[in-house]
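Undergrad: Order-wise, the sequence lines are chains D and R.
Per our numbering, the first sequence runs over residues 1105 to 1247.
Per our numbering, the second sequence runs over residues 1105 to 1247.
Even for Gly, the Cβ is constructed at its ideal location relative to N, Cα and C.
Could you have a look at this structure, given as structure tokens, before my questions?
2 protein chains.
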Amino acid sequence: MVWKTISKKLDENEYRLTPQREVILQVMIDNRGKHLSADEVYIEARGKSSNIGIATVYRTLEKLASIDVLYKTIFEGGKYRYELSLGESHQHHHIICLQCGHISEVEEDLLHNLEIHLEKQGYKILDHELKFYGYCPQCNPKN
Amino acid sequence: MVWKTISKKLDENEYRLTPQREVILQVMIDNRGKHLSADEVYIEARGKSSNIGIATVYRTLEKLASIDVLYKTIFEGGKYRYELSLGESHQHHHIICLQCGHISEVEEDLLHNLEIHLEKQGYKILDHELKFYGYCPQCNPKN
DNA sequence: ATGTAATTGATAATGATTATCAAAATCAGG
DNA sequence: CCTGATTTTGATAATCATTATCAATTACAT
């Protein structure tokens, strides 16, 4: 199901699925919903196939992001993170826990109205990204 | 007016206003509303006082951000950017033009409802950050 | 004045990412 | 299947932003 959608995108972009790329993709699928940095992907990929190079990881993540198989973003902390992009357009709403660092997602897409508002002002909005900073339910002192 | 508020914060935090720090602050005030990277601040600061070191710029920006005189964030592009933080709490709504790179701000604070919603789920939200990507009125092909 | 503490600027060290390049893998046509 | 051309890979060098180090300067409190 997930693989089918992805393969299609790879084909469309004439991007060959080598063993290394397959391992990296599998890592991303296994971690669906998480936001992995390149070195985190590298470590997990090594577990599956011990002789994969860090350069290949960077290259592959970059390429997969450019064809929208992955979504690439950067959080406070200064390194890029990647997550599987699941076809649907607006899903980039993150809640970052300042205590444990856990990053979860908000499903709602409540920004549509605001985008309309901005377009009336002459902007053309293509995408948005929303980040909340605070404590997740586990870390919330009140809970 | 701006200076008064800032001096107060500096005093409260026992942060001395040396000539170098004053120059850096002046650069930030001159560029109110813009989002400068450390090296951009460095270049402008050099124009005003030719023998300021890059290390001092980094140190000062970092410190000023930690006492909320500046707001520090990171955009696609991988480097930190700083802007003057003007007392009011929620103002971190940015519109990034994909054409010219210009970053402007949305004044509205329409996320309050969403925050309430998340708090009902057990989260404790302390801050948020919203970024729109698209074309500004000048670059919008439709205009 | 004078000794102590804070600040500075140059530069080394670090961490993340990108570029380079020779070797290995893969492909397409005979 | 061969074989030459093309793509991909992994190691590593290069780069870029940021942070740490440290001796020299500056400011402070007595």
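Just reading off the alpha helix (DSSP H) that Arg1150 of chain R is part of, what are its end residues?
TA: On the second sequence, residue 1150 of chain R is found 46 positions in, with the first residue counted as 1. Residues 1142-1152.
Undergrad: Take the Cβ of Tyr1184 of chain D as the centre, count every other Cβ of all protein chains shown within 10 Å, and call the residue buried at 16 or more, exposed below.
TA: In the first sequence, residue 1184 of chain D corresponds to position 80, counting from 1. Buried, because 16 or more other Cβ atoms sit within 10 Å of the Cβ of Tyr1184 of chain D.
Undergrad: Is it right to say Ile1133 of chain D is buried, meaning 16 or more other beta carbons lie within 10 angstroms of its own, or is it exposed?
TA: Counting from 1 along the first sequence, the entry for residue 1133 of chain D is found at position 29. Per the 10 Å Cβ criterion, exposed.
Undergrad: Report the option in R:Leu1140, R:Ala1159, R:Ile1158, R:Pro1245 whose CA atom is closest to the CA atom of Leu1174 of chain R.
TA: For this step, residue 1174 of chain R is matched to residue 70 along the second sequence. Cα-wise, what sits closest to Leu1174 of chain R is R:Leu1140.
Undergrad: CA-CA distance, Leu1190 of chain D and Thr1177 of chain D?
TA: Position 86 of the first sequence, counted from the first residue, corresponds to residue 1190 of chain D. Position 73 of the first sequence, counted from the first residue, corresponds to residue 1177 of chain D. If I take the Cα positions, the gap works out to 15 Å.
Undergrad: Run down chain R in chain order and give the residues with a C-beta less than 7 Å from the C-beta of Gly1137 of chain D.
TA: Reading the first sequence from its first residue, position 33 is the one you call residue 1137 of chain D. The premise fails here: Gly1137 of chain D is roughly 16 Å from chain R at the closest Cβ pair, so nothing lies under 7 Å.
Undergrad: If we ignore side chains and look at the alpha-carbon of each, how far apart do Asn1135 of chain R and His1198 of chain R end up?
TA: Indexing the second sequence from 1 puts residue 1135 of chain R at position 31. Indexing the second sequence from 1 puts residue 1198 of chain R at position 94. Their backbone Cα atoms lie some 16 Å apart in a straight line.
Undergrad: Examine the Cβ distances between the stretch 1231-1241 of chain R and the stretch 1227-1235 of chain D and report whether three or more of them are shorter than 8 Å.
TA: Yes: at least three Cβ pairs fall under 8 Å.
Undergrad: Tell me, please, which residues DSSP counts as bridged to Asp1231 of chain R.
TA: As a working note, residue 1231 of chain R is residue 127 in the second sequence. Paired residues: D:Tyr1237.
Undergrad: Using a Cβ-Cβ cut-off of less than 9 Å, list which residues of the stretch 1156-1169 of chain R approach chain D; keep chain order.
TA: Taking 9 Å as the Cβ-Cβ cut-off against chain D, none of the residues of the stretch 1156-1169 of chain R qualify.
Undergrad: Beta carbon of Cys1201 of chain R: closer than 7 Å to some heavy atom of the ligand ADP?
TA: For the structure depicted, the ligand ADP is absent and the ligand set is empty, with no information on it obtainable.
Undergrad: Report the partner residues of Arg1120 of chain R according to the DSSP bridge assignment.
TA: Within the second sequence, numbered from 1, the residue matching residue 1120 of chain R stands at position 16. The partner list for Arg1120 of chain R (beta bridge, DSSP) is empty, contrary to what the question assumes.
Undergrad: Expressed to the nearest angstrom, what Euclidean distance is found between the alpha-carbon atoms of Tyr1162 of chain R and Pro1123 of chain D?
TA: Counting from 1 along the second sequence, the entry for residue 1162 of chain R is found at position 58. Counting from 1 along the first sequence, the entry for residue 1123 of chain D is found at position 19. Approximately 43 Å, taken between the alpha carbons.
Undergrad: Taking 8 Å as the CB-CB cut-off, is Asp1143 of chain D touching chain R?
TA: One-based indexing of the first sequence puts residue 1143 of chain D at position 39. It does not: the Cβ of Asp1143 of chain D has no partner Cβ on chain R nearer than 8 Å.
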